[in-house]
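Residue numbers (my numbering), protein chains in the order written: chain A, 875 to 1552; chain B, 875 to 1552.
What follows is the structure in structure tokens.
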């Protein structure tokens, strides 16, 4: 009987999903995709009469949310709303309960959104769910031949994971308040609920401590957040349903700590922001005294129940080199530096717990001596998480979601916290994986280009954390990512507009159209290939104004071009529409270098890209010739093919840190031309 | 001997100007062009070591100005400045004196800027001159093959007119504080020094009065500036060397006054913001009591020495219809309503003067009974100004500088305050013409598109007021206007970026590239042709989100296209480069409708533009055929020509308020094809 019940529910669920898909009139540009969407006939117009009424639980924060939403919808549609006095509200909002003063992990975010041609309703158990419902409503608004409207739908939605975060590193490059805020707006739009604020690292300590003023006074270049500003960010995030979890990385990644407080260091100074690899000394009681003072102050400043202590990548060199520390390890019966870090973490955890916080740390903190309450964040992979879960620890996945690695959205999208080793966990163990976080490490970003390193790709990570696991269609994802990208730009993010400004800077007062054409088909090198150790450490104060800094992590044009090439090839070279598009692009690219060459020469920021532009012209020519051969069905000389492949091989090599992203499909075309004529 | 001296000076001046032109290595993208520029060899690099030192008079306002300048230069170049400790400053600033607490009309704005390859100096009699010098320096920064730099120059500069303003109407559509501020930034960049703040009109009273709260309470839709906000704008403007002159328009244009205070009206109410044409009643003593209270309060709020009372377009209907007013006119020996307005103005002027302010008003206030201290602002033309000057009154020209009329920049540029009737004035009389103001009337703007209605065209008006009268080269103006437009956008103005956002809104999630191509060649109808009285009064709360609202007042592409066509024609159809460019454009336009058609159909905001896009395709086809005939030297049928001309005639008619701006040169081509073959 029980299994029959189970299958009934399963079938209903599947049927529901199926119907939702079958009935949909127009694809909905929602990201993250809700748990359940049922589209019905009709539309609700959005015009000047639009109005919102709150019927249930009501407080200032919900009022503010409705005001923000109305303002956003008005900006999006360009319609100044002037509701008719006395008319019933178009959108009615009902929350059974208000929100927690400090947002809790797992606080109910579910909502139901019902839209008919005469009105809309958002019902939610809590005001937090209302925020999520409003974000969905905003994404539904679209222009039609009859004006702006939202389609009739019934949406029942709740998140898959309760912890859906983004880490922003503000240490390596400082990120000003307004940039943080607009990114919080973006996170709220895609229903992320945790800002993991990476506030300290070797290159800068960014949170003011009043008790320990030398942390920022000497451990930063003067750029840091005052406590008042931190409270402002926390309140701003809370208004948008986002928790703020601070991270203070220790005992490694801690050069900025010891500049003002050299007694914390395991080795001899002097230390500066630019040099030295100090880590904290876990053997001295004074270190813990210091941390007690520091953590007590920060625990009061940051209301969230979780406190991130970092714990990653502890380079043991200084511990190895310090006889006192080695003696301590021996005398305490430890085997190695890992044991010493575990000792440090245990003492740290007690301080954190004393301040009523739960400790979070990276993979390396996992150790059986630590209480089961802690949360492990994995940069290493699902295996790490599975191991932790098997030991009863909660986990967060960040492996696969490093936005700074310049991966295409599809690659992040394909990674699931429950896949790999985690797929084999028991249901109970799986429940310990509470979510994940994307990570924006800040080696190569400035306030000017950071948005484009985060968005729109971060939206697909947000979908991975919110939407059902089986939402995996890549084409649908890219269509919806484009829509959400436009929404985010209208919210104030600058991932598109900043690129234009940066390209224009490179072009001086010249016409930047041909430069844009080049920029459209390149991507920065992937993973850590931008680092060049032979050139010494990164200068974190150097300008980031090259083409590599302006280029999008993923080229939409290159992806679309490749899609057309695949379509053309799969049609047996018969698809004339695809071929025409391919020819159109190739002609533009072939001719672009002639238009661009002088501009590249005239700008110190662009000279390094001269060969890149030439390569584009050459591979485009090769592609056009390949098309000619394919069209004529002519045999082409073997020598020709070998030459073209050689040209393409050269063009595949990164130039000025940039990859010409159209080489792979062009190679396919050249190979095809070769094959066909044999 | 005196005349010989005069000629010597003249020759030296001319020689100087000539040499300045002859020596220039690269054209300098300065707007307004300085009074004297001498370019020498070399460049001063702008790199991370850039620093500024203030050596002379020093105060907080100058410090702030230098900080703003440094931040702007850093944003413009993308270089985070890190000057070497102890190294001499790259730019040295010296002001002999500080600034007046309240900026005065005629306060010294001159400066000298000297740049060599090793450093730069700004010397000025006052800190105000330093501001102007910094604006010039910022415009000189450019990218070169060797990095960013400023060219070596010696500039001696001062304004031609002391009053260089812009009127911003905030009544018809409210303009929020941040939008005002960024426009003040823009004004400062082009050395304008007066914000004429048109704070009241029929459609809304926008300045808070604490004594008379119903002015905004009932006379606005709730959108107005608090006194605190007004002080904020004044301080912001002062920091940038800009005076703020408030205008409260009376006795006409005053519907918003009488809604809360109907006793002021000359006719019976009730009045609402949408209806009624009331004007103030000048016959009642209570009106003056009211104005005494009001002006005393406003005179304290606005520190500037000048106070604008409007006075334009007094529609006498209500005075005519009111027997008591007519009786008052008769019993006081007046001839007509004009005399009554003069009576009003005299009493008003006394109130204004009692509050230590000088009265400014539009043409209509000119009347011999008013003291010679007043200033007349002319919307009617130079003749009006000349007449005033002959009577000893000071004047300002606004005729010809109405930005809302959608004229091309060249048309504004061609109008000089000293031309026409003013050219014949004596030197003494000419000195009474103290400058001019551009006017941004707000019937058709929202905060979203107002920047594009002002910029970059306003920069050429600014040049007219600042630069020597003989700076009139239109080609140079357009080249420099393009550069200043980019500078303004990097300062935060949105005249380019907002258009993109608006086009994307119209296009929904579709690709807006073909829409941009159409938008690039259209202009809104000119003058007051957007008004359509048959449709009733303008709804000032309607969305302004159509293509006409997004289109630039002047199409750069159409101008460039026309230039190429002229060049091609003047070359006797031999200039192959010009012809290739023309063909390139025409082919894109001919094919654009096919790409755009579906998008236009799908968007309620674009459907009205369907015929516009079709017309573009048709006239482009005609142009391509004309080129073919010209190339072949073939005789073409008379019928063909007649047909094409007919098509072009149709395409010349505005559609959805938009003019297809490429029809005139295309007609030339078709005519040429006809002529050549005869």
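Heads up, the beta-carbon is just placed ideally off N, CA and C, and yes, glycines get one too.
All values derive from a computational prediction rather than experimental measurement.
{"Item": "Three-state secondary structure (DSSP) of residue 1180 of chain B", "Value": "strand"}
{"Item": "Supposed close pair residue 905 of chain A, residue 1337 of chain A - CB separation, criterion 8 Å", "Value": "5 Å"}
{"Item": "Exposed unless 16 or more other CB atoms sit within 10 angstroms - verdict on residue 1237 of chain A", "Value": "buried"}
{"Item": "Delimiting residues of the beta strand (DSSP E) encompassing residue 915 of chain B", "Value": "910-919"}
{"Item": "Beta-carbon contacts of residue 1048 of chain A that lie in its chain and below 7 Å, excluding the five residues immediately before and after", "Value": "1078, 1080, 1097"}
{"Item": "Anticipated Cβ contact below 8 Å, residue 1072 of chain B with residue 1042 of chain B, distance rounded", "Value": "6 Å"}
{"Item": "Supposed close pair residue 1076 of chain B, residue 1117 of chain B - CB separation, criterion 8 Å", "Value": "No, residue 1076 of chain B and residue 1117 of chain B are not in contact; Cβ-Cβ is about 26 Å, not under 8 Å."}
{"Item": "Rounded C-alpha distance that separates residue 1452 of chain B from residue 1390 of chain B", "Value": "23 Å"}
{"Item": "DSSP three-state assignment for residue 1397 of chain A, whether helix, strand or coil", "Value": "strand"}
{"Item": "Cutoff 8 Å: residue 1369 of chain A Cβ touching any chain B Cβ", "Value": "no"}
{"Item": "Contacting positions in the segment 1414-1433 of chain A - beta carbon closer than 9 Å to chain B", "Value": "1415, 1416, 1417, 1418, 1419, 1423"}
{"Item": "Whole-angstrom distance between residue 1174 of chain B and residue 1542 of chain B, CA atom to CA atom", "Value": "60 Å"}
{"Item": "Endpoints, alpha helix (DSSP H) assigned at residue 1043 of chain B", "Value": "It is not in any alpha helix (DSSP H) - residue 1043 of chain B instead sits in the beta strand (DSSP E) that spans 1037-1043."}
{"Item": "Whole-angstrom distance between residue 1335 of chain A and residue 1060 of chain A, CA atom to CA atom", "Value": "13 Å"}
{"Item": "CB-CB length for residue 1310 of chain A against residue 1235 of chain A, believed under 8 Å", "Value": "Actually they do not touch by this definition, with Cβ atoms about 15 Å apart."}
{"Item": "Validate contact between the segment 1294-1309 of chain B and the segment 1367-1376 of chain B using beta carbons, cut 8 Å, 3 pairs", "Value": "no"}
{"Item": "Alpha-carbon spacing of residue 1466 of chain B relative to residue 1392 of chain A, whole angstroms", "Value": "22 Å"}
{"Item": "Whether residue 1009 of chain B touches residue 931 of chain B by CB criterion (8 Å)", "Value": "no"}
{"Item": "For residue 1113 of chain B, three-class secondary structure by DSSP", "Value": "helix"}
{"Item": "Residue 986 of chain A (DSSP reduced to helix, strand or coil)", "Value": "strand"}
{"Item": "Own chain partners of residue 831 of chain A with C-beta closer than 8 Å, once the 5 adjacent residues on each side are dropped", "Value": "As displayed, chain A neither begins before 875 nor continues past 1552, which places residue 831 of chain A out of reach and without an answer."}
{"Item": "Secondary structure, alpha helix (DSSP H): runs of 4+ residues fully inside the segment 929-1007 of chain A", "Value": "934-951"}
{"Item": "Proximity to residue 1121 of chain A [Cα-Cα], best of A:1136, A:1158, A:1069", "Value": "A:1069"}
{"Item": "Selection from B:1314, B:1191, B:1259 that minimises the alpha carbon distance to residue 1044 of chain B", "Value": "B:1314"}
{"Item": "Within 7 Å of chain A by C-beta, residues of the segment 1013-1034 of chain B in sequence order", "Value": "1016, 1017, 1018, 1019, 1020, 1021"}
{"Item": "Check whether residue 1424 of chain B and residue 1323 of chain B have beta carbons under 8 Å apart", "Value": "yes"}
{"Item": "Pairwise C-alpha distance: residue 1532 of chain B and residue 1399 of chain B", "Value": "6 Å"}
{"Item": "Within chain B, the residues that residue 1478 of chain A reaches when beta carbons sit closer than 8 Å", "Value": "1017, 1018, 1019, 1020, 1021, 1022"}
{"Item": "Proximity winner among B:1547, B:1357, B:1140, B:1259, relative to residue 1215 of chain B (alpha-carbon distances)", "Value": "B:1140"}
{"Item": "CB contact below 8 Å: residue 1232 of chain A versus chain B", "Value": "no"}
{"Item": "CB of residue 1024 of chain A within 8 Å of CB of residue 996 of chain A, strictly", "Value": "no"}
{"Item": "Residue interval of the beta strand (DSSP E) (run including residue 1025 of chain A)", "Value": "1021-1031"}
{"Item": "Cβ-based neighbour list, residue 1432 of chain A, same chain, cut-off 7 Å, excluding 5 preceding and 5 following", "Value": "1395, 1535, 1536"}
{"Item": "Inter-residue Cα distance where the pair is residue 1287 of chain A and residue 1254 of chain A", "Value": "17 Å"}
{"Item": "At least three beta-carbon pairs within less than 8 Å, the segment 941-961 of chain B to the segment 906-918 of chain B", "Value": "no"}
{"Item": "Contacts that residue 1378 of chain A makes with chain B (C-beta to C-beta distance below 9 Å)", "Value": "1360, 1363, 1364"}
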